[in-house]
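Report on the following structure.
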Amino acid sequence: MAATREELLLALRDIATVNGISLTDGVAVPNHTASAEYLHPNHGSTLFVANVALAAATLLVVLARFWTRIFVAGGVGADDVTIGAAMIVVAGSTVFNCFGVKEAGIGKHFYDLSVAEVGNLLKFTFALPLVYTLGVAILKISILLFYRRLFGHRKRLQRIVLAFIAFQLVFAVASVFAYAFMCAPVHAYWTLELHAHACPTFKTTLAMYMTLRSVTVACDVALLLLPMRMVWDLKIPQRQRLGLAALFGLGLLACVVAVARLVMLRRLVLSLDVSWNVLPIALLDQTEQCLGIITASIPALTAVVSRYPPKPANSLMNPALALRYDFLSFAYDPDRQNLGLGCFATAYSDVSDERLVTKGEHHEMREGVINKTTTVTVNITTTTGGYRAAVQV
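In UniProt numbering, the protein residues as written are 1 to 393.
Structure (structure tokens):
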């Protein structure tokens, strides 16, 4: 990294020449800033406050989710573990962004930065897409694992989900390698004296960013649409259907944020005023991840608002009725369902015993009367005709 401002300007001039960009784009000090009355703008506090607020709100939702899973809905599933990992990434991203504001001059124009801040800024922009890619990949995998609960015995959808998870893993690893090794050697990214000739041009970098981020946005949309057919076919009251629509609306908002981020990439990558232009990108990164975590956690909280009426023991549910379980809130493991092992679930039934049909020594709930929540133990066994779910309250 350049030791003096003169060396810094020489390196920046070399980068500007290679990329066909003028130094007046955020690097050269404008004449009007020489006035004693001029106030140098600094919007870093916006990123600082918004990051902390978003992370705090998201943490509260995640803690509520874990409390619900553990004490209400019967146990923690793989999607809960991965959402916890996504929350850890968001917490790290929050600290990282606050560091960028305090030590890397995020929110200020480039010409207002010190030499030390420029060095920190380059390291910040190097790490930013890596942290974002990691956080978004873990979040998507958590949502897909939740879909594994939601889709139950629908084998075709289960296969699609598993393929989607595999794609996300491969794409995340490929993206991290593409971002990390775009410069050769790697440290040329934050070493301005080497950057001009050891790193791709700004236009090449933009093309790579746009390609990878376009795939990310396409995955966001596909993830949102994947369960739509199943949700649309649910036989539920209009009020509950509107609630589900509102939930998916939050997911759509996260997609809109991802598209906005994609649009703003051009302004960031094709400019030397990085410290000024990176602020909205960093803010949208945090917003997208926090919205995604909150949206993914809301279904798990549905059990909190439910009551726990008494239910007859040893009920036997047929497969069609078992599909009406509340897959939004119980700790269901699709990989263990055929092993005859006990698992926890949150089932819905009416409080009145008159709504139960007696079949032999067992009770069965009539269809369409499931509207309350309780935690039960389920032992699933295979039969020649399908599955038998023995329910013990």
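Glycine is no exception: its CB is placed at the ideal position from the N, C-alpha and C atoms.
Exposure label - residue i; buried when at least 16 CB within 10 Å
| i | result |
| --- | --- |
| Asp220 | buried |
| Tyr147 | buried |
| Ile138 | buried |
| Ile70 | exposed |
| Phe181 | exposed |
| Leu233 | Strictly speaking, residue 233 in this sequence is Asp, with Leu absent from that position. The residue is exposed, with fewer than 16 neighbouring Cβ atoms inside 10 Å. |
| Ile106 | buried |
| Cys343 | Here the model assigns Cys343 a pLDDT of 40, short of 50, so the residue's position is not dependable and the matter cannot be decided. |
| Thr4 | exposed |
| Ala73 | buried |
| His197 | exposed |
| His40 | exposed |
| Arg213 | buried |
| Leu60 | exposed |
Distance between residue j and residue i (C-alpha atoms, nearest Å)
| i | j | result |
| --- | --- | --- |
| Leu272 | Arg229 | 46 angstroms |
| Ala86 | Ser142 | 8 angstroms |
| Arg266 | Ala178 | 18 angstroms |
| Ser22 | Ala56 | 41 angstroms |
| Val186 | Gly20 | 23 angstroms |
| Ala345 | Gln168 | Only weak support is given to the placement of Ala345: the predicted model assigns it a pLDDT of 39, under 50, and the value that follows is read from those uncertain coordinates. Near 28 angstroms, if we compare the C-alpha coordinates of Gln168 and Ala345. |
| Thr205 | Thr68 | 44 angstroms |
| Val269 | Val263 | 11 angstroms |
| Asn51 | Thr94 | 6 angstroms |
| Leu9 | Leu279 | 23 angstroms |
| Phe66 | Val76 | 7 angstroms |
| Ile294 | Ala53 | 13 angstroms |
Residue i: first and last residue of the uninterrupted alpha helix (DSSP H) it sits in
| i | result |
| --- | --- |
| Ser93 | Ala78 to Glu103 |
| Ile298 | From DSSP, Ile298 is part of no alpha helix (DSSP H); its letter is neither H nor E. |
| Pro237 | It is not in any alpha helix (DSSP H) - Pro237 carries neither H nor E in the DSSP assignment. |
| Asn19 | Arg5 to Asn19 |
| Cys183 | Run containing Cys183: none; DSSP gives neither H nor E here. |
| Ser214 | Phe202 to Leu225 |
| Lys123 | Val115 to Phe151 |
| Leu194 | Leu192 to Ala198 |
| Asn51 | Gly44 to Phe71 |
Proximity to residue i [Cα-Cα], best of the options
| i | options | result |
| --- | --- | --- |
| Arg261 | Asp285, Leu244 and Gly251 | Asp285 |
| Ala116 | Thr191, Ala246, Leu270 and Leu23 | Thr191 |
| Arg161 | Ala222, Gly75, Val72 and Glu193 | Looking at the sequence provided, one finds Val at residue 161 rather than Arg. For Val161, the nearest C-alpha among the options comes from Ala222. |
| Gly292 | Tyr189, Phe248 and Gly77 | Phe248 |
| Leu252 | Pro280, Asp233, Ala282 and Val217 | Val217 |
| Leu12 | Phe110, Val231 and Ala163 | Phe110 |
| Leu144 | Arg154, Leu134, Gln158 and Gly135 | Gln158 |
CB contact check: residue i to chain B, cutoff 8 angstroms
| i | result |
| --- | --- |
| Val269 | The structure shown contains no chain B; it holds only a single protein chain. |
Residue i CB to nearest heavy atom of the ligand SAM below 7 angstroms
| i | result |
| --- | --- |
| Ala104 | As presented, the structure is devoid of all ligands, the ligand SAM included, so that no description of it is given. |
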